Each structure stands twice: as C-alpha cells, then as structure tokens.
Amino acid sequence: MGNKHDVWQGTLALMILTTLETLGPQHGYGIARRIEQTSGNRLMVNYGTLYPALLKLEQEGYIASEWGVSDNNRRAKYYHLTRAGKKQLAREAKEWEQTTEILARFLSPGEASS
Numbered sequence: 000m001g002n003k004h005d006v007w008q009g010t011l012a013l014m015i016l017t018t019l020e021t022l023g024p025q026h027g028y029g030i031a032r033r034i035e036q037t038s039g040n041r042l043m044v045n046y047g048t049l050y051p052a053l054l055k056l057e058q059e060g061y062i063a064s065e066w067g068v069s070d071n072n073r074r075a076k077y078y079h080l081t082r083a084g085k086k087q088l089a090r091e092a093k094e095w096e097q098t099t100e101i102l103a104r105f106l107s108p109g110e111a112s113s
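With numbering that gives the first Met the number 0 applied, the sequence shown corresponds to residues 0 to 113, in that order.
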C-alpha cells in the first residue's frame, strides 16, 4: 500500500457533505473513516482539520448536529445534512467538475478543444 496523503485543501467540505448525503447522519469518526475508505485508504483525515471543518459547516447552516449514542455505546455528536447543505453540495460538486475539466485541459493540451 502506498503512502497516505492528507485531504486536499478545498475538498474536505465537499467530501463531508457528500458523505452525509450518501450515508445519512454520522459522527466525526464515521465521516473520517468513510472518506478514507472511499479514497481506497489513500487519504488520511486529520482530526485537527475535520472538526473545525464540521464546526464551520454547521455555523454556515449546511449541516446540523445532535448528540446520540455510538455503536460502542458512547456519547457522540451526529451530523446531518440540512436543506441548505444539499444546495451547497450541488454548487460545490458543479464547481469541482468545472475545475477538473479545466485542469484536464492542461494535463492533455493536445486533446483540448477550443
């Protein structure tokens, strides 16, 4: 297995929102594990980055949280996507698709169309 890389700057919010849309309510550990799993264990989620990102998304109204009990019977904060979060996810996904299309033109300049 190759080295694990930190999550790319600017993509963590998109990964969190997508994870919550896909799996429904999750606690921070579950979100981190899903991001790592989805990346084929190539990305590493730093908790010092994850929790501030969750707090920011919550302050922006894109996610909401409530306390619950985890699978191992411990108290955990569960996050879920809000209606505003679903709209933000659609915007961010579209922006990311456009960004990757532009980058692809630079990586394959002979294939770029005018």
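The beta carbon of each residue, even a glycine, is placed where N, CA and C say it ideally should be.
On a predicted model such as this, the values are computed, not experimentally measured, just so you know.
In whole angstroms, give me the CA-to-CA distance for residue i and residue j.
{"i": "Leu-13", "j": "Ala-75", "result": "22 angstroms"}
{"i": "Leu-49", "j": "Ser-107", "result": "33 angstroms"}
{"i": "Leu-11", "j": "His-26", "result": "15 angstroms"}
{"i": "Lys-85", "j": "Glu-65", "result": "18 angstroms"}
{"i": "Met-62", "j": "Gly-39", "result": "Note on residue identity: the sequence assigns Ile, not Met, to residue 62. Their Cα atoms are separated by approximately 25 angstroms."}
Helix, strand or coil: which one does DSSP assign to residue i?
{"i": "Glu-65", "result": "strand"}
{"i": "Met-0", "result": "Bear in mind that a pLDDT of 46 at Met-0, under 50, signals an unreliable position, so the model cannot answer this."}
{"i": "Arg-73", "result": "coil"}
What distance in whole Å lies between the Cβ atoms of residue j and residue i, which are believed to be in contact at a cut-off of 8 angstroms?
{"i": "Ile-30", "j": "Thr-18", "result": "5 angstroms"}
{"i": "Leu-88", "j": "Glu-20", "result": "6 angstroms"}
Quick one, are the C-beta atoms of residue i and residue j less than 8 angstroms apart?
{"i": "Thr-37", "j": "Gly-60", "result": "no"}
{"i": "Leu-54", "j": "Tyr-78", "result": "no"}
{"i": "Leu-56", "j": "Ile-15", "result": "yes"}
{"i": "Asn-45", "j": "Asp-70", "result": "no"}
{"i": "Leu-22", "j": "Arg-32", "result": "no"}
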